[in-house]
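Q: After the structure tokens below, expect a handful of questions from me.
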Amino acid sequence: MGANAMSDDATSKPSDGRVFDEPAIYDWQTACFTALNEKDPSKIPVLLRMANGAIQQRLSRLEPWPDGREMDALNEAVQALRVLRERSEGREAGK
30 MGANAMSDDA
40 TSKPSDGRVF
50 DEPAIYDWQT
60 ACFTALNEKD
70 PSKIPVLLRM
80 ANGAIQQRLS
90 RLEPWPDGRE
100 MDALNEAVQA
110 LRVLRERSEG
120 REAGK
């Protein structure tokens, strides 16, 4: 699916206002969902790097620049990945 590809139901936000929900609308979301859904703590650091790399790669492309909806999804993804990283680091420190 291309970076601009959106499903028909992706044009309006869910009632709770979230735009970063599965299924993936944008290419970079797949790596984020993989990291966020991983149950094995040993795999999370690598998946976090991959997800952050996918976001950085998307932001490095000037054309097309993310529209408002994609920027909202990017912001939500960054926040969710930050929480996951903090939890993962907390587990590591607790060993």
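So in the working numbering, spot 32 of the sequence shown is number 61, and the numbers just go up one at a time. For each residue, glycine too, the CB sits at the ideal point set by N, CA and C.
#1: Is the beta carbon of E105 closer than 8 Å to that of F62?
#2: Distance, Cα to Cα, A80 vs M100?
#3: Could you give the residue range of the alpha helix (DSSP H) that holds L91?
#4: Distance check for G119 and I84, CA to CA, integer angstroms please.
#5: Secondary structure at P74, three-state DSSP: helix, strand or coil?
#6: Where does W94 land, buried or exposed, given buried means 16+ other C-beta within 10 angstroms?
#7: Going by other Cβ atoms of all chains shown within 10 Å of its Cβ, with 16 needed for buried, is Q58 buried or exposed?
#8: Buried or exposed: which applies to R88, given that a residue is buried once 16 or more other Cβ atoms fall within 10 Å of its Cβ?
A: Inspection of the coordinates gives the following:
#1: Along the sequence shown, read from residue 1 onward, the residue named residue 62 stands at position 33. Along the sequence shown, read from residue 1 onward, the residue named residue 105 stands at position 76. Cβ atoms of F62 and E105: not closer than 8 Å.
#2: Taking the sequence shown and counting its residues from 1, the one referred to as residue 80 is at position 51. Taking the sequence shown and counting its residues from 1, the one referred to as residue 100 is at position 71. Rounded to the nearest angstrom, the two C-alpha atoms are 16 Å apart.
#3: Against the sequence shown, residue 91 aligns to sequence position 62. That residue, L91, is in no alpha helix (DSSP H); it is neither H nor E in DSSP.
#4: Counted from its first residue, the sequence shown places residue 84 at position 55. Counted from its first residue, the sequence shown places residue 119 at position 90. Answer to the nearest angstrom: the Cα atoms are 24 Å apart.
#5: Within the sequence shown, the letter at position 45 stands for residue 74. It is helical.
#6: By 1-based counting over the sequence shown, the position of residue 94 is 65. Exposed is the call here.
#7: Numbered from its first residue, the sequence shown carries residue 58 at position 29. Under this definition Q58 is a buried residue.
#8: Your numbering for residue 88 matches position 59 in the sequence shown. Residue 88 is actually Leu in this sequence, not Arg. Per the 10 Å Cβ criterion, exposed.
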